[in-house]
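So the protein sequences, as listed, match chains A and B. Counting in this note's numbering, the first sequence runs from 10 upward without gaps. Counting in this note's numbering, the second sequence runs from 2 upward without gaps. For each residue, glycine too, the CB sits at the ideal point set by N, CA and C. Written below as structure tokens is the structure these notes are about.
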Amino acid sequence: MATNSAALAPWHSAHAEKLPASLDRRFEALVFDWDGTAVPDRAADATVVRRLVEDACALGLHAAVVSGTNVRNIDGQLAARPRGPGRLYLLLNRGSEVFHVGPNGPRLLHRRRATRAERSALAGAAARLAAELEHHGLAVAIVADRLNRQKVDLIPDPAWSDPPKERIDELLAAVEDRLARHGLGGLSTVLELAQRAAREAGLPDARVTTDAKHVEIGLTDKSDSARWIAGELARWGIGPRLVLVLGDEFGPLGGGAGSDALMLVPELGRATSVSVGAEPAGVPPGVVHLGGGPAEFTALLGDQIERRRRGDVPEIDLDPAWTLQIEGFDPQLERVREALLCIADGCIGTRGSLVVENAAALPLVLASGLYDGYGPAEELMPCPLWAKARTRVPERFGVRRALDLRTGLLRQELRLGGDVLEALLFSSPTRPGLAVLRTNGGLPRSRPIQALELPGTRKGGIVRELPDGLVHAALRADPEGGVVAGAVDDHGPERLDRVAAYAAGSRRLPGADVPRRRLEAISTPRFETLLTEHRRAWARRWEDAEIVIEGDSELEFGARFALFHLLASVAEKGETALGARGLSGPGYRGHVFWDADVFCLPTLAATCPEAARTVLEYRRRRLPAAVDYARATGHEGARFPWESAREGVDVTPPTGLDLNGETVPIRTGDLEEHVTADVAWAASLYLDWTADDAFAPVAREFLIATARYWASRISLDAEGRGHIETVIGPDEYHEPVDDNAFTNVMARWNLRRAAQEDGVSPSERSRWLALADALVDGYDAATGVYEQFAGFFALEPLLIAEFAPRRPIVADVLLGRERVARAQVLKQADVLMLHHLVPGEVVPGSLVANLDFYEPRTAHGSSLSPGIHASLLARAGRLEEAVHWLRLASRIDLDDIGGSTAHGLHLAAMGSVWQALAFGFLGLRADGPRLELDPQLPPAWRALEMRVRFRGASLRVRAEHERALVWGHPQALITLPGGPQLQVTGREPTVLERRGATWSAR
Amino acid sequence: MKRVVVGLIGSDADARPVLRATIEAARLFGSDAEAVQGRSQARFARSRAIAGELGVPLRVLEPAPASRLVAEAAREEVTCLVIGVPRRPFASRDERGAVFVDLAVSTHKPLLVVPPGARIGPMRRLLAPLDGSPEISRALQRFLTRVDPAGIEIVMLHVCSRDEAPAFSDHALYELEAWGSEFLARNCPQGRLELRVGAPEDLVLDVADATAADLIVLGWDQLPARGQGRVVRRVLQGAGIPVLLLAARRASSLAHRPTTASVLSTV
């Protein structure tokens, strides 16, 4: 098997040893000034720089040239034609233009276009300045043929027509002398005059700069270039800590800031900045002054190339708002940490185990939808392991692990004495099923491990190394299907690059050559190519999903953590069997519950519709099984199973053990029928949010088949009232019950919603609507409270909120099963789920009464409960309580609150966190083609901002206390309470202001 | 040579069960059995005869072992000390009770306690109550490294008080599977787990009966009046099988229970 050593010219960076510590690492992007930094002047031969830039880009480094001049000058001199994967940008004309340079030369990406009024103002400002200077007797010249700026030449002397950079000190002295002779004080005075002239000409935000010879008044400057490239690099998954900014004029010049200091924008605040210039007045704080001019620049660039060639492990951004960092090794907590650090691409998931073997680990690779076994014992099959690089180390060693949520990169650093082993792992959504590992360094007495290893619990698989170095593994599932994997190791002196390709089939074992073909399809250099793609893919995901909570960084992180794992768990093509723990652990055997449809899908529909579609596709492909299930239980239509795996038949185990070791029946499989309406609800919600016409026929099929089920399930009593008897509602503490409000109202919604579909006969439609109207829902008009099921109000009133030592708590342990069954104690939201899912099906204004009644009776003994209550409490305006439950929901795994995170992450609770923010606090709700927005912001938050996709548009919604801002691309319809319907579009936000309980557009 | 030493104390009416328990303990620890007794003690001859009959060498200790057993336990080759006790040893005023208390609160060696009427047989199924504290778990794991694992079955018992009820149980089977498996991973990966709800002092003996355990292995902090001490008192009061006490330093936390708020040491 060919390896990925790129055939690039060697570069030796002897000076690397003398680098300051801040530069002694791999960067992912270089942003640099041109004239004086990369080359001595514009006439210099740039062949060396060209070769270095092309080599750097070929190894995945992004490069950005920042210059005041135009593309003809820069591209004419540099003439680089990089082929990637790293990208080359030219940020020119003082921040007014951006080009991307590829194999075919520069291509314009962005140009700031001045309006006629701005052009006129610029000319006016230059003329005013020139007049002011001439008033002092100073002869100057105006240079007007520049994009978005005008220059006033302060020394129009042929001797100084094009001074080289190395004569800047002389030039500055000559200019200062000239100004002083005319009573102008110096350059700083002229800069002030220029600012004033610009203001007077109608340019309050003019950019005034100087290169000593000229004073320039413009619409843009290098700070615009720096901001643009910071944003662009973020879109490629490169955070500011990974950026090296190079210039030669950071220090003050003639009383003004050096031109390169303009690159020190907040967006690049954590970048490393280096000056290679003379810097006679010193450099600003935080800038490393190396000096050495272009020679030092080429040495630094060469050093970065050398680091890539020798296989340094890339850094991650370490932004605390985006990074889960775990320090140290604790065998007691290791399995929990492995789950928290899981990396997944929707196709395979790999727990974040150390790359070095250890006894405390529960390493696991799971493939989505690949089940093994039969019936209730059917479980996700452990696949061959790819991420172990080294054998066990006998001594205690130091560990630092960091998972970058923005890019899905897991970095590990293990230390023992003076030895260090670094590793980077990722599992890329761009090529699902492909896993990548780089390590560098080593630990004593720890030997390399073969690229693939069968999981310890599995027998019957094969692993063999083929003559060309490819390690092949195959493992069959029982009764059918299986996984094949291929991996190749590429070793350097200290480096190991490993790429593993997996192919899983739930029906048949994929061909043995599939992994090889996938590996061969990767261009070289493999690692850098895959890394660049991977970063870009995750950055793109966040462009439609970002969450910002200003004023609560802990909650913001928890929400991002939740959304990261949700997005990672779902494929964007095909189908996703989204089990309760995703791909992060063996818990719940990978079985699919209503968690997928009700808790996870809404988040996905609004942030990654393609992923949501695959969750529904799993249900669609099992619709025939649901039809059979309905028939087998004596009904029509389709009944979805409570627990589902490969086939879509019910795989709920019939019994379990309680905490007293006694066998208890598990009746949810037989009785928790609301899942059938939940699946229909999910399909409907997906359509509401995406307007995906291609899915509409599938949704129709779901809605009609499930409505037929309910129509055959409902029984009418002598008075003509409809009932659904012998069920279990979401509150599973009471079973079986009759007329569970949640089940009945969801069935009612299902019937009414299906009746709106085409393809339903008039008689069937009428029957459905009549049944829906006949169904009892337990609503008590006197109190405004829905009775959870027939007889609930007669149970022992028990406010668990008042006597439990804490909540959440498993009430049947606290009180015993019998007592709980006799009491008004709930495991989780039941009636209240209706207010969350189908507010149009409950009596308007009934939320508060039901919250007041049910919340104190709820033990929250299900991880699904806190997030939903947070959402409803926010809708009710009880914001302090809402934040309390939301925070708890966001910490369920981070703090292992339930003690079961070791076996996998609670994906449904993660979905509920997003829902609480979007539906609860922002008040987002699809209403036909419109998106309703009704923000409720806790006092401690300054703003809540979320990005979502709605019916093909990308929306950015920002709620502040007194206003809301909405950006929409290309366009979307929004409404706010009491406000008009608005179409949002374009780069500028639509701003809405709160006036009491209503909103109005500014 | 490693030895399991039994101290035959004063008014011990019948040394036979204690000596038989010693033989079984010696098998468990892969050691030789040895008895010690003072010549001046009552029934010395009778005890020597039984020891001889059971093949346990008896060494004479003078002065009488009551005052020497703590020092005896400290000898490097001694892997376990065995003692017969009255039914309520912590409350007993007789010599055996006093010696037991002295030993129990001071020795770092495993102490096999043989209550009156205890069923003595091969020690194959061991019931080990664990409160989830690292100290108790470590004591058990240390013990397991010193015994021959062949033919031994370890049954862990964790008793969850009602106030310590877990925060969540989303599913009657899977949640317990996950929780239990993690409990084992943290405390004793080679065993199986029995869970109960209630007070451990009320439940250990029930579970010992239900699981047909041959030996109860109890880690404790050597403080008779509190924590595991309450469990030890109740178990010794009612046990129908021998009880092996393992000294553990005072429990400071319950970090080995898979419920913690400190997963992330540094974020």
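Hey, could you find the ends of the alpha helix (DSSP H) residue i is sitting in?
{"i": "residue 66/A", "result": "56-67"}
{"i": "residue 1008/A", "result": "Taken as a continuous stretch (DSSP letters only), residue 1008/A belongs to no alpha helix (DSSP H), being part of the beta strand (DSSP E) at 1007-1010."}
{"i": "residue 543/A", "result": "535-552"}
{"i": "residue 915/A", "result": "Premise fails: residue 915/A is in no alpha helix (DSSP H) and is neither H nor E."}
{"i": "residue 511/A", "result": "Counting along the chain, residue 511/A falls outside any alpha helix (DSSP H), though it belongs to the beta strand (DSSP E) covering 504-514."}
{"i": "residue 809/A", "result": "809-812"}
Give the residues of chain B in contact with residue i, contact being defined as C-beta atoms less than 9 Å apart.
{"i": "residue 391/A", "result": "By Cβ distance, chain B contributes nothing, its closest Cβ being about 14 Å from residue 391/A, past 9 Å."}
{"i": "residue 819/A", "result": "166, 167, 168, 169, 170 and 176"}
{"i": "residue 667/A", "result": "173, 177, 196 and 198"}
{"i": "residue 675/A", "result": "172, 173 and 174"}
{"i": "residue 300/A", "result": "Ordered by position in chain B, no residue passes the 9 Å Cβ test against residue 300/A, which lies about 38 Å from the chain."}
{"i": "residue 799/A", "result": "By Cβ distance, chain B contributes nothing, its closest Cβ being about 24 Å from residue 799/A, past 9 Å."}
For the beta strand (DSSP E) holding residue i, just list the boundary residues, first then last.
{"i": "residue 71/A", "result": "71-75"}
{"i": "residue 749/A", "result": "Per DSSP, residue 749/A belongs to no beta strand (DSSP E) and is neither H nor E."}
{"i": "residue 955/A", "result": "952-959"}
{"i": "residue 485/A", "result": "480-485"}
{"i": "residue 160/A", "result": "158-162"}
{"i": "residue 380/A", "result": "374-381"}
{"i": "residue 269/A", "result": "Segment: none, residue 269/A is in no beta strand (DSSP E) and carries neither H nor E."}
Could you name the residues of chain B that residue i contacts, counting a contact when the two beta carbons are closer than 8 Å?
{"i": "residue 814/A", "result": "164"}
{"i": "residue 362/A", "result": "Near residue 362/A there are no residues of chain B at all, since even the closest Cβ is about 13 Å away, more than 8 Å."}
{"i": "residue 871/A", "result": "169, 170 and 171"}
Given that residue i touches chain B, what residues does it touch there, using C-beta distances under 7 Å?
{"i": "residue 662/A", "result": "174"}
{"i": "residue 907/A", "result": "167, 168 and 169"}
{"i": "residue 378/A", "result": "Within chain B, no residue comes near residue 378/A; the closest Cβ sits about 18 Å away, beyond 7 Å."}
{"i": "residue 596/A", "result": "175 and 179"}
{"i": "residue 344/A", "result": "183 and 186"}
Can you grab the Cα-Cα spacing for the pair residue i / residue j, in whole Å?
{"i": "residue 266/B", "j": "residue 410/A", "result": "Confidence at residue 266/B is low in this model, with a pLDDT of 35, below 50, so the placement of that residue should be treated as unreliable; the coordinate-derived value is given next. Whole-angstrom Cα-Cα distance: 11 Å."}
{"i": "residue 117/A", "j": "residue 109/A", "result": "6 Å"}
{"i": "residue 213/A", "j": "residue 203/A", "result": "11 Å"}
{"i": "residue 985/A", "j": "residue 851/A", "result": "21 Å"}
{"i": "residue 84/B", "j": "residue 126/B", "result": "21 Å"}
{"i": "residue 929/A", "j": "residue 607/A", "result": "15 Å"}
{"i": "residue 247/A", "j": "residue 549/A", "result": "12 Å"}
{"i": "residue 16/A", "j": "residue 140/B", "result": "Low per-residue confidence applies at residue 16/A: pLDDT is 31, beneath 50, and the placement is therefore not dependable, though the value from the model is reported in the following sentence. Taking the straight line joining both Cα atoms gives about 59 Å."}
{"i": "residue 868/A", "j": "residue 874/A", "result": "9 Å"}
{"i": "residue 772/A", "j": "residue 757/A", "result": "17 Å"}
{"i": "residue 124/A", "j": "residue 216/A", "result": "16 Å"}
{"i": "residue 904/A", "j": "residue 755/A", "result": "34 Å"}
{"i": "residue 100/B", "j": "residue 237/B", "result": "15 Å"}
Which whole-angstrom value is the C-beta distance of residue i and residue j, which I expect to be below 8 Å?
{"i": "residue 431/A", "j": "residue 397/A", "result": "About 16 Å separates the two Cβ atoms, so there is no contact after all."}
{"i": "residue 350/A", "j": "residue 412/A", "result": "5 Å"}
{"i": "residue 164/A", "j": "residue 222/A", "result": "6 Å"}
{"i": "residue 196/B", "j": "residue 124/B", "result": "That pair is no contact at about 23 Å."}
{"i": "residue 107/B", "j": "residue 188/B", "result": "Incorrect: roughly 26 Å between the Cβ atoms, too far for contact."}
{"i": "residue 72/B", "j": "residue 110/B", "result": "Contact flag wrong, Cβ pair sits at about 12 Å."}
{"i": "residue 553/A", "j": "residue 958/A", "result": "5 Å"}
Would you mind telling me which residues of chain A sit closer than 9 Å to residue i, beta carbon to beta carbon, in chain order?
{"i": "residue 161/B", "result": "668 and 822"}
- Item | Near-chain C residues of the stretch 183-203 of chain B - C-beta to any C-beta below 7 Å | No chain C is part of this structure, whose protein chains are labelled A and B.
- Item | Runs of beta strand (DSSP E) wholly within the stretch 832-892 of chain A (minimum 3 residues, chain order) | No beta strand (DSSP E) of 3 residues or more sits fully in the stretch 832-892 of chain A.
- Query: Going along the chain, which unbroken runs of the beta strand (DSSP E) with 3 or more residues stay wholly within the stretch 400-447 of chain A?
  - Reply: 407-413, 418-425 and 428-436
- In chain order, each alpha helix (DSSP H) run of at least 4 residues that lies wholly inside the stretch 719-770 of chain A: Qualifying alpha helix (DSSP H) stretches, in chain order: 750-764.
- Query: Which full runs of the alpha helix (DSSP H) of 4+ residues lie inside the stretch 132-214 of chain B, going along the chain?
  - Reply: 135-147, 175-188 and 201-211
- Query: What are the uninterrupted segments assigned as beta strand (DSSP E) that are 3 or more residues long and contained completely in the stretch 34-117 of chain B, given in chain order?
  - Reply: Counting only runs of 3 or more, we get 59-61, 79-85 and 112-115.
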